[in-house]
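The next block holds one structure in the form of structure tokens; read it before the comments.
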Amino acid sequence: MSPPVRPTPGDPASILPSRRRRPRIARPGAPGPPRSNRLGPRLRPRKAPACDIRTGDHMRAAELRAAMTAPLTVGHACDLRGLVVDEPLDLAGARIGNVDLTGTRFEAPVIARGAVFGGLAWFRDCRFAMKVDFSGAVFGNDARFDGATFMGDATFSGSEFHGVGDFDLAAFHGAAFLDRLQVLGNLSLERTRFHGPASFEDNECFGGLWCHDAQFDGRCNTAGMEVHGRTWLTGVKLPRLLSGQPALSGIRSFGYRWS
Numbered sequence: 075m076s077p078p079v080r081p082t083p084g085d086p087a088s089i090l091p092s093r094r095r096r097p098r099i100a101r102p103g104a105p106g107p108p109r110s111n112r113l114g115p116r117l118r119p120r121k122a123p124a125c126d127i128r129t130g131d132h133m134r135a136a137e138l139r140a141a142m143t144a145p146l147t148v149g150h151a152c153d154l155r156g157l158v159v160d161e162p163l164d165l166a167g168a169r170i171g172n173v174d175l176t177g178t179r180f181e182a183p184v185i186a187r188g189a190v191f192g193g194l195a196w197f198r199d200c201r202f203a204m205k206v207d208f209s210g211a212v213f214g215n216d217a218r219f220d221g222a223t224f225m226g227d228a229t230f231s232g233s234e235f236h237g238v239g240d241f242d243l244a245a246f247h248g249a250a251f252l253d254r255l256q257v258l259g260n261l262s263l264e265r266t267r268f269h270g271p272a273s274f275e276d277n278e279c280f281g282g283l284w285c286h287d288a289q290f291d292g293r294c295n296t297a298g299m300e301v302h303g304r305t306w307l308t309g310v311k312l313p314r315l316l317s318g319q320p321a322l323s324g325i326r327s328f329g330y331r332w333s
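Just remember that this note's numbering sits 74 ahead of the position in the sequence shown, which is counted from 1.
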């Protein structure tokens, strides 16, 4: 019997895919791959084993800080929804993992200057009864403050949003300092209500600005703000004293603009 002939370069047989063993399929009841492998890099809120809480529970500020600063685990988020926090929360300079604080009520000040949110950062429908300070904070993923209520002054000066900065349907009752932001995704302010003065000075929005039906009851400063991408200002409402001016006239748009 003659020896097998090896394909030469350029021969069609040389580029055929090699035969591989078919992957084994786990039988029902058999252990599968780790959950984090099945989820891949996607982030889904899942209750971490250490977070055994119920909606409406009161949590001490120290306990909440410990839960929020747990090591980042891809595919898992600490479920901190619907809590009540009566003490001042100090997160200044902290490195925070994946956290879902949807619906949590903060009855005391929240200080998160320079905090780094490495993953999920959900503050949807939260109520901040007193001042909050996120100045210089870094949000490594989408930052969701949609539906949040800020009763005191809210400071985000100099913060970085590596994803979307979502403030849709939020209500700012005090001053809103949203200046010197760097937003790599979209800054979204759809139907956001600013009862007090708002500052957007020197912002850089690389993914666009969405202000559909946003309402400003007080002074709004957009001097030096740059938007690279779509600028959507349709339905923006300004105070009567400023109604003769173009909506958010200080914005420099380097893309499409609707107003």
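Virtual Cβ for every residue (Gly too), placed ideally from N, Cα, C.
(Q) Threshold first: 4 residues or longer. Then list the alpha helix (DSSP H) segments lying entirely within the stretch 146 to 171, N to C. (A) Here no run is fully enclosed.
Close beta carbons around Ser209, own chain, < 7 angstroms, minus the five adjacent residues each side: Arg187, Thr229, Phe230, Ser231, Gly232, Ser233
Residues in the same chain with beta-carbon distance under 7 angstroms from Ser327, minus the five sequence neighbours each way, listed in chain order, please.
The beta carbon of Ser327 lies closer than 7 angstroms to those of Val301, Thr305 in the same chain, with the five residues before and after it left out.
Asp287: which of Ala144, Leu307, His247, Thr223 sits nearest, CA to CA? Leu307
- request: Give the C-beta separation of Ala244 and Gly221 to the nearest angstrom, bearing in mind that I take them to be a contact with Cβ-Cβ under 8 angstroms.
  value: 6 angstroms
Worksheet item: Distance, Cα to Cα, Arg331 vs Cys279?
Response: 13 angstroms
Is the beta carbon of Phe274 sitting closer than 7 angstroms to the one on Met299? Against a cut-off of 7 angstroms, the Cβ pair of Met299 and Phe274 comes out as a contact.
Answer yes or no: do Gly303 and Gly270 have a C-beta to C-beta separation smaller than 7 angstroms? no
Let's test the definition: count the other Cβ atoms within 10 Å of the Cβ of Gly259 and tell me whether it reaches 16, buried, or not, exposed.
buried
message: Please identify the residue among Val206, Arg179, Gly167, Arg201 whose C-alpha is closest to the C-alpha of Val212.
response: Selected option, being the one with the closest Cα: Gly167.
Assigned secondary structure, Arg314 (DSSP; H/G/I helix, E/B strand, else coil) | helix
Thinking C-alpha only, which one of Leu138, Ala189, Leu165, Asp160 is nearest Asp153? Leu138
Exercise. With DSSP as the reference, label Ala203 as helix, strand or coil.
Key: coil
Just tell me which of Gly239, Met204, Asn215 has its CA closest to the CA of Gly226.
-> Met204
Give the secondary structure of Leu263 by DSSP, where H, G and I count as helix, E and B as strand, and everything else as coil. coil
Q: Note down, in chain order, each residue of its chain lying with its Cβ closer than 7 angstroms to the Cβ of Arg293, except the 5 sequence neighbours on either side.
A: Pro271
Buried versus exposed call for His150 [16 or more other C-beta atoms within 10 Å across all chains shown]: buried
**Message:** Whole angstroms are fine: how far does the CA of Leu157 sit from the CA of Gly329?
**Reply:** 41 angstroms
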